[in-house]
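J.:
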Amino acid sequence: MINFKIILNVLGYLLTALSIVMLIPMLVDLGIGNDSWKSFITSSIITFGFGVTFLISTRNEENNKILMQDAFLITTLSWLSISIFGAFPFYFSENGLSITNSIFESMSGITTTGSSVIQNVEALTEGMLIWRGLLQWMGGIGIIVMAVSILPVLRVGGMQVFRMESSDTTDKILPRTTQIASAVIIIYLALTLICLIAYWLGGMNIFDALVHSMTTIATGGFSTQNNSFASFNNNSLEYMAIIFMILSSLPILIYLEIFKDGLRKLILDTQIVTFLAIILFSSLLVIVYLWVMEIKNIEEAIRSGSFNVISIITGTGYTSDNYNLWGPFPIYLLFFGMFIGGCAGSTTCGIKVFRFQILFQTLKMQIQKLLHPHGVFVPHYNHKKIEEDVTSSVMSFFFIFILSFIVITLLLSTTELDFVTSLSAAATSLANVGPGLGEMIGPENSFYEISTFAKWVLIFSMLLGRLEILTVLVILHPAFWKK
1319 MINFKIILNV
1329 LGYLLTALSI
1339 VMLIPMLVDL
1349 GIGNDSWKSF
1359 ITSSIITFGF
1369 GVTFLISTRN
1379 EENNKILMQD
1389 AFLITTLSWL
1399 SISIFGAFPF
1409 YFSENGLSIT
1419 NSIFESMSGI
1429 TTTGSSVIQN
1439 VEALTEGMLI
1449 WRGLLQWMGG
1459 IGIIVMAVSI
1469 LPVLRVGGMQ
1479 VFRMESSDTT
1489 DKILPRTTQI
1499 ASAVIIIYLA
1509 LTLICLIAYW
1519 LGGMNIFDAL
1529 VHSMTTIATG
1539 GFSTQNNSFA
1549 SFNNNSLEYM
1559 AIIFMILSSL
1569 PILIYLEIFK
1579 DGLRKLILDT
1589 QIVTFLAIIL
1599 FSSLLVIVYL
1609 WVMEIKNIEE
1619 AIRSGSFNVI
1629 SIITGTGYTS
1639 DNYNLWGPFP
1649 IYLLFFGMFI
1659 GGCAGSTTCG
1669 IKVFRFQILF
1679 QTLKMQIQKL
1689 LHPHGVFVPH
1699 YNHKKIEEDV
1709 TSSVMSFFFI
1719 FILSFIVITL
1729 LLSTTELDFV
1739 TSLSAAATSL
1749 ANVGPGLGEM
1759 IGPENSFYEI
1769 STFAKWVLIF
1779 SMLLGRLEIL
1789 TVLVILHPAF
1799 WKK
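Residue numbering for the sequence shown follows my numbering, starting at 1319 and increasing by one per position.
#1: Would you call the stretch 1783-1797 in contact with the stretch 1725-1745, where contact means no fewer than 3 C-beta pairs closer than 8 Å?
#2: For L1329 and G1660, what's the separation of their Cα atoms in angstroms?
#3: Please report the Cβ distance between I1324 and T1376, rounded to the nearest whole angstrom; I am assuming they are in contact, meaning their Cβ atoms lie under 8 Å.
#4: Tell me where the alpha helix (DSSP H) around W1609 begins and ends.
#5: With 16 other CB atoms within 10 Å as the buried threshold, where does D1486 fall?
#6: Where in the stretch 1737-1788 do unbroken runs of the alpha helix (DSSP H), each at least 4 residues long, occur, reported from the N-terminal end onward?
#7: Only counting the same chain, and skipping five residues up and downstream in sequence, which positions put a Cβ closer than 6 Å to that of V1738?
#8: Around the Cβ of V1610, are there at least 16 other Cβ atoms within 10 angstroms (buried) or fewer (exposed)?
#9: So, for K1583: in the same chain, excluding its five sequence neighbours on each side, which residues have a beta-carbon less than 7 Å away from its beta-carbon?
#10: Could you tell me which residues DSSP puts in a beta bridge with Y1699?
#11: With A1808 and L1735 assumed to form a contact (beta carbons below 8 Å), what rounded beta-carbon distance in angstroms separates them?
#12: Considering just the uninterrupted stretch of the alpha helix (DSSP H) at W1449, what are its terminal residues?
#13: Can you tell me whether M1780 is buried or exposed? The criterion is at least 16 other CB atoms within 10 Å of its CB, across all chains shown.
#14: Rounded to whole angstroms, what's the CA-CA distance from L1565 to V1346? Just pull it up for me.
#15: Measuring only the C-alpha atoms, how far is M1477 from L1794?
#16: For I1676, I'd like the list of residues in its chain whose CB is within less than 7 Å of its CB, leaving aside the five on either flank, ordered along the chain.
#17: How many angstroms separate the CA atom of V1435 from the CA atom of N1640?
#18: Between F1678 and K1670, what straight-line distance do the alpha-carbon atoms span, to the nearest angstrom?
#19: With a CB to CB cut of under 6 Å and the five nearest residues on each side skipped, what residues in its chain are close to T1727?
#20: Considering just the uninterrupted stretch of the alpha helix (DSSP H) at Y1641, what are its terminal residues?
#21: So, using beta-carbon positions, are M1456 and P1407 closer together than 8 Å?
#22: Nearest-angstrom Cα distance between L1729 and P1691?
#23: Are three or more beta carbon pairs between the stretch 1516-1529 and the stretch 1421-1439 nearer than 8 Å?
Right under this line is the structure:
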């Protein structure tokens, strides 16, 4: 039976922590003299009130075991509640957004999607810009913790291949989360600090460097500028961003393994090698195209081509150029690149590289069986045998991902959006990338002009994609609620 008290207890801790984080942008705006500090203090009080109420009403539930159903609900409701309460500062601000736009911006932030309904980002106060960055930065940590400790136990989408020895029982989810949290936070903080210093030395002011370091390491893509990295007109910053987008797309715990065992761990991880090969090959294709077609000179082709390809594939969503003007080939490549994502255990999004590897190994095995009916073939991933339940989980994920993409595209098409806009909006939201294609939601535009219904479809799509789809869909099944 679902234990709603323990679920509320966890949400209570999350909301209390969120209310404290809201004081950071409040202090920034208050110190500068911006009136937006009032929206943050109001939001903080309301969020704190709900958080404390949940904690007081469930104060004897901390040590209870978390069952499988509880874990699914906690995961989904955590993202939902933070998205709703995280929308309050946008709604209560002086030039407040509507409820729909506020939740859209908040959901886009916490899921590290990076799509925005704000037309003029540069008109926002410093506190509001910090808040957008903090939402993505917090979402990045949450995604990593979920990927390395919760999803493997819940056996979602083949993630059980990353299960560690200490995660054999569901009731160990929270203790294990506590154990890995310190390592994740230290590495995450270190990457953010190094990125901040690099951006600052590269030419950003300290404020822009802080916000962009948070949204880069989270592979989120929110910027302090309307035209993202194009506004800085600084080549060195783009090269730095390329490096940190790649670093953020690797499994975060690999850095701990490298620290202990050296770079050998990096080379032996087939997921990382495959990911690096994908972004290198994709970047080379676009670079050669831009150069041969004389759209860019060789340096611009290398810099702009690799920046935007890596940004889209990793789901960061920064832009340094309007790739809608590059011609059909780069646009199609970027569109398909949206679905790839980075490595499991990182802040990236999309289908993720390991699933393509497992799918390829399964396909390879099936072909071998057709050629040699009496042969025995065993698929492997990362030098280990792929269990049958992993294969079926990955196949199920691919099917439900494609089906979800089709349904979301069809729903968006009912709002009179054109084919390209509907298709790319569905892709960029489900894969948590950020910018879309076409005139309306392209790299130089926002999602402001799309209809309210379309925004709610995309809000759900962002949540669906961030939580690996099945985590959300399983709680919609009637059997989930049975004893």
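Glycine residues also receive a C-beta, built at the ideal position from the N, C-alpha and C atoms.
T.: With the structure as the only source:
#1: no
#2: 29 Å
#3: 7 Å
#4: T1588 to V1610
#5: Its pLDDT being 39, under 50, D1486 is placed unreliably in this model, and the value from its coordinates should be taken loosely. Under this definition D1486 is an exposed residue.
#6: 1737-1748, 1756-1759 and 1770-1784
#7: L1755 and G1756
#8: exposed
#9: Correct list, in chain order: I1572, E1575 and I1576.
#10: K1702
#11: Shown here, the chain extends from 1319 to 1801; a query on residue 1808 therefore has no answer.
#12: According to the DSSP assignment, W1449 belongs to the alpha helix (DSSP H) that extends over E1444 to V1463.
#13: buried
#14: Rounded to whole angstroms, L1565 to V1346 spans 29 Å at the Cα level.
#15: 21 Å
#16: Apart from the 5 residues on each side of it in sequence, I1676 sits with its Cβ closer than 7 Å to the Cβ of G1476, Y1699, I1704, V1708, T1709 and V1712 in its chain, given in chain order.
#17: 18 Å
#18: 13 Å
#19: S1740, L1741 and A1744
#20: Following the DSSP letters along the chain, one finds Y1641 in no alpha helix (DSSP H), marked with neither H nor E.
#21: no
#22: CA-to-CA, the gap between L1729 and P1691 works out to about 44 Å.
#23: no
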